[in-house]
Amino acid sequence: MKLFATVLMVKILVKMLQIFKSGGTSLPGKLATRIYPNVLSVISRRIKIVMVTGTNGKTTTVRMIAEILEKHDFSFITNKSGANLQSGITTTLLNAMKLDGRFQEEYALLEIDEAAFKTVCPLLKPDFVVVTNFFRDQLDRFGELYTTLSGVKTGIKNSEETVLILNGDDSFCSSIGKDLPNKAYYYGTSSILSDDNDYGVTDGKYCIYCKSKYSYHHRTYGHLGNFYCPECGYRRPELVVSLSEPPIMSDTVTKIRLSVARQDHEQTLEGVIPVPGKYNVYNAVAAMTFSLAAGMELEKSMEAISEFEIGFGRMEDIAIGNKTLRIVLVKNAIGFNQVLDLFCSNNKPYPVAMIINDLIADGTDVSWLWDVDFEKLTVVQDSIPAFYASGIRGEDMMIRLKYAGLNMRKVSLIKDYIMLVDKGLKATPDNGYFYVFPTYTALMGFRKLLVKKFGIKKFWK
Ligand SMILES: [Zn+2]
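Remember, the working numbering sits 175 above the position in the sequence shown when you count from 1.
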């Protein structure tokens, strides 16, 4: 009865919030938890739960797993990016539940914030947990990386049935499988991702068990790779699914070859990831490893990933002298994340501008900027000559970049588009690109300026 009332209340509140166009997803869940504190643990056995957590790549990994579930005709519930705290997840699940307390769907596929994981995981006792990686992220919000990691371990501790899908190339992730008795599937790379530029290890330089410096057989980016500790012997675990050859990357797609350790043989799979960036290689391998752990058909899963739709708008290159303006429209957090992935994976010394407006066509609430992983820019910031914030909400963009941990001496606020183009192109090396990421109305204004100043006529051809 209590459950019925709680579910009903959540459904009514969600409807009301929709009617009043208030996008909030946390309020119904918050109230539900107040009325019925352990409601999540009561309903968790009624549906298969997959949780995806980690610093980077959660949203993309969730979307790839969603494609895989769809391809296998499994119905599922998923939470919107941004509703990945306990209250948002409670809202999502209770709103999807039928009034008789059952779910129509077979799976709940949940993206969950690393900091919220500690409290939500023990309640939901998920069937699968996918962990993407741990990087330093929003220190002000989450505290130390080690605290986050130990929070994730604490979260899983009393769910011994939970199957773990862990990034074996990440020494933090791997330690979860080492410290807990759960069944774990590790994924990673058995070869070097094509990378001639090395950012160096920033996080996780030292062994989590004995504080000695890790050595690497190969490294992909950041602290990810085939690591080992020369002192205590902690090393990357055996991988079940691994990237077996350097991926072939273009600006838009990445071709990959995977090797899967089956009981009695090695299976090889080839596929295409229709999103650029080496971060997405890991995300795809994580999704594939989930599909193996869940007993799905791998060929079918690979196909599903190849059909994955990119979230960002058209890209336009405009040549100005021997430099190129590359403009990519950003409409939402998912798209922005992918655009940033592309930018970071290039790892070239190119400046970048983010032009944020908040007119109706852009969405009047700029809080979505907090769902974008600008933190990933910190990995490449040493090689980037300049970051610019612009647009009506340029100041908000500045604050967001500051909290992302960028070196603010490299970041400037330039509201005047003419000055922005001048400065940006000056900071661009010969034959290089100046990346510009505008929201919709910002793009319109920016185009107008280009037409006026450079006489450019045709767009989006
Ligand atoms: Zn060690």
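The beta carbon of each residue, even a glycine, is placed where N, CA and C say it ideally should be.
Within the region 458-524, the complete beta strand (DSSP E) segments at least 3 residues long are 490-495 and 498-503, listed from N- to C-terminus.
With fewer than 16 neighbouring CB atoms inside 10 Å of its own CB, HIS440 falls in the exposed class. One thing to note: PHE612 has its Cβ within 9 angstroms of the Cβ of ILE530. Looking at the DSSP output, PRO613 shares a beta bridge with ILE530.
Straight-line measurement puts the Cα of ALA469 at about 24 angstroms from the Cα of SER346. Nearest C-alpha to ALA617 among ASP591, SER558, GLN556 and LYS223: ASP591. If one requires a minimum length of 4 residues, the alpha helix (DSSP H) runs lying completely within the region 278-319 are 289-299 and 314-317, in chain order. About 5 angstroms separates the CB atoms of ALA462 and ILE240; that is less than 8 angstroms, so the two are in contact. With contacts defined by Cβ atoms closer than 9 angstroms, GLU280 and ASN254 do not form a contacting pair.
Here the C-alpha atom of SER520 lies approximately 15 angstroms from the C-alpha atom of HIS398. Taken through DSSP and simplified to helix, strand or coil, GLU245 comes out as helix. In this structure, LYS453 lies near MET424, with their beta-carbon atoms less than 9 angstroms apart. Sorted by chain position, residues whose beta-carbon lies closer than 6 angstroms to a non-hydrogen atom of ligand 1 are CYS382, TYR384, CYS385, SER387, CYS404, GLU406, CYS407 and TYR409.
A distance below 7 angstroms between beta-carbons, with the five flanking residues on each side excluded, links SER466 to the following residues of its chain, in chain order: ILE243, LEU473 and SER476.
Contact between ASN455 and THR235 holds, since their C-beta atoms are separated by about 6 angstroms, short of 8 angstroms.
The criterion of a C-beta distance shorter than 9 angstroms is satisfied by ILE222 and LEU268. One thing to note: MET226 has its Cβ within 9 angstroms of the Cβ of VAL304. Straight through space, the alpha carbons of GLN438 and VAL541 are spaced by roughly 50 angstroms. Close CB contacts of ALA579 within its chain, under the 7 angstroms cut and outside five residues either way in sequence, are with PHE549, GLU550, LEU552 and THR553 (chain order). Taking the C-beta atoms as reference points, ASP571 is found nearer than 9 angstroms to LEU544. Taking 3 residues as the minimum length, the beta strand (DSSP E) runs contained wholly in the region 211-269 are 223-228 and 251-253, in order along the chain. One thing to note: VAL428 has its Cβ no nearer than 9 angstroms to the Cβ of THR464.
Across the structure, PHE629 and GLY400 are spaced so that their CA atoms are roughly 46 angstroms apart. Our two residues, ILE210 and ALA561, have alpha carbons roughly 50 angstroms apart in a direct line. Taken atom to atom, the span from the alpha-carbon of ALA479 to that of ARG584 is near 43 angstroms. Each of ALA436, HIS393, TYR409 and GLU413 was checked against the Cα of PRO421, and the nearest Cα belongs to HIS393. With contacts defined as CB atoms closer than 9 angstroms, GLY326 and LYS293 qualify as a contacting pair. Annotation for SER366: GLU420 and PRO421 place their beta carbon closer than 6 angstroms to its own, counting only its chain and skipping 5 residues before and after. Contact between TYR610 and VAL505 does not hold, since their C-beta atoms are separated by about 11 angstroms, which reaches or exceeds 8 angstroms. Following the DSSP letters along the chain, one finds TYR403 inside the beta strand (DSSP E) bounded by residues 400-403.
Taken through DSSP and simplified to helix, strand or coil, SER366 comes out as coil.
Cβ-Cβ distances below 7 angstroms link PRO604 to PRO524 in the same chain, with the five nearest sequence neighbours on each side left out; the list follows chain order.
Only residues of its own chain outside the window of five on either side were considered, and among them GLY400, ASN401, PHE402 and TYR403 have a CB closer than 8 angstroms to the CB of TYR391, listed in chain order. Nearest neighbour of GLY408 by Cα position, chosen from LEU414, THR265, GLY607 and SER387, turns out to be SER387. Counting every other CB atom within 10 Å of its CB across the protein chains shown gives ASP557 a total below 16, marking it as exposed.
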